[in-house]
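Student: In our numbering, the protein residues as written are 192 to 322.
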């Protein structure tokens, strides 16, 4: 019985450790912003926590006109990603540079994060690095 409990605890710690690898602060490909990835329930989210051009940048390209006056700092650009094997997928990524939202997957590769946005069968992959 004691051995079973120890095995269960170790298994849970390894799952939690795997999830922890993608959590944290990441520098985007263009070095224009930093994104903090966090978990809520069984889903991942990522919010802008730093902007090279300063805190006052507004979400001017948002398709929702009522959101164009909000500051980008604190905006969730990654939403609703769920774990599937080594990937987190099924979520969305918002690009504040053009106001568009894309399907998204992320995958940890060493100390980099591959962030892939999809439009139909076409995709673009960006590599984020740990802050």
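A virtual CB, placed ideally from N, CA and C, is assigned to each residue, including glycine. Nothing here was measured: the structure is a model prediction, and the numbers come from that model.
Take every Cβ of the region 214–226, pair it with every Cβ of the region 241–259, and state whether three or more of those distances are shorter than 8 Å.
Tutor: Counting Cβ pairs under 8 Å, three or more are found: they touch.
Student: Just how far apart, CA to CA, sit residue 195 and residue 259?
Tutor: For residue 195, the predicted model reports a pLDDT of 43, less than 50, meaning its position is unreliable; a value from the coordinates is still stated below. The straight-line gap from Cα to Cα measures roughly 54 Å.
Student: On a Cα-Cα basis, can you pick out the residue from 299, 246 and 283 that is closest to residue 292?
Tutor: Among 299, 246 and 283, the Cα nearest to that of residue 292 belongs to 283.
Student: Residue 213 by DSSP, collapsed to three states: which one?
Tutor: Three-state result, residue 213: helix.
Student: Please identify the residue among 250, 296 and 304 whose C-alpha is closest to the C-alpha of residue 264.
Tutor: That would be 250, whose Cα lies nearest to the Cα of residue 264.
Student: Measure the CB-CB distance between residue 307 and residue 314 and report whether it falls below 8 Å.
Tutor: For residue 307 and residue 314, yes; Cβs fall inside 8 Å.
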